[in-house]
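To start, the structure itself, in structure tokens.
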Amino acid sequence: PIKLIPTNAILCCACIFLNGSIIARYCKRLQKVVPTLYFMNATVDMTVGVGVALQTLTIIPSISMKYDISGYIAAVCYILVGVSTRTSTFVNLLLCTVRAINIILPFRHISRFALITMTACYATSWVAMVAWDISWFEKQP
Numbered sequence: 001p002i003k004l005i006p007t008n009a010i011l012c013c014a015c016i017f018l019n020g021s022i023i024a025r026y027c028k029r030l031q032k033v034v035p036t037l038y039f040m041n042a043t044v045d046m047t048v049g050v051g052v053a054l055q056t057l058t059i060i061p062s063i064s065m066k067y068d069i070s071g072y073i074a075a076v077c078y079i080l081v082g083v084s085t086r087t088s089t090f091v092n093l094l095l096c097t098v099r100a101i102n103i104i105l106p107f108r109h110i111s112r113f114a115l116i117t118m119t120a121c122y123a124t125s126w127v128a129m130v131a132w133d134i135s136w137f138e139k140q141p
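Its first residue numbered 1, the sequence shown is counted upward by one per residue in this note's numbering.
What follows is the structure, given as structure tokens:
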């Protein structure tokens, strides 16, 4: 695990920087559906990068100083990475669906509010499931 720390750090920095540039590009065009989906996808992918960076930062003290940083920080990292990965997949599915609808029915209006609401409900349901998973796992003997 210690050999992967520099690689994780480089990949996390690249992920955060590149998704930040995507966010900066699309933040001015959030009135349209497709830029909103690109913006949401970059935001969620940046959250994955932050979660993996936090995991990497919590591994360093536990290896070098024999200090156990399990518990809340590990749970937060688990929730961030797990929910963000699933939400990223869902946003990509929405993007593919919107693109297919735009090809088949080019003048069909797609509600941006509905897409944002569906994504928020999806992410919230996964936060609840992951929190239940963590609480169930802690109760096991």
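Backbone N, C-alpha and C define an ideal beta-carbon position, used for all residues, glycine too.
Keep in mind the model is a prediction, meaning the values are calculated, not measured.
Meets three-Cβ-pair contact criterion under 8 Å: the region 73 to 89 and the region 97 to 117: no
Out of Cys96, Leu93, Phe113 and Phe17, which one is the CA nearest neighbour of Gln31? Phe113
Give a yes or no on contact between the region 45 to 58 and the region 6 to 19, applying the rule of three or more CB pairs nearer than 8 Å. yes
Does DSSP put Leu30 in a helix, in a strand, or in coil? coil
Under 8 Å: do the region 3 to 15 and the region 37 to 44 share three or more Cβ pairs, one atom per stretch? no
Assuming Val33 and Leu115 are in contact, meaning their beta carbons sit under 8 Å apart, how far apart are those beta carbons, in whole angstroms? 7 Å
Can you tell me whether DSSP reads Phe113 as helix, strand or coil? helix
CB-CB under 8 Å to Val130, same chain, minus the five flanking residues each way: which ones, in chain order? Tyr78, Ile79, Gly82 and Val83
Could you please give the first and the last residue of the uninterrupted alpha helix (DSSP H) stretch that includes Arg86? Tyr72 to Ile104
As a quick exercise: from Thr119, Arg108 and Arg25, pick the residue whose alpha carbon is nearest that of Ser88. Thr119
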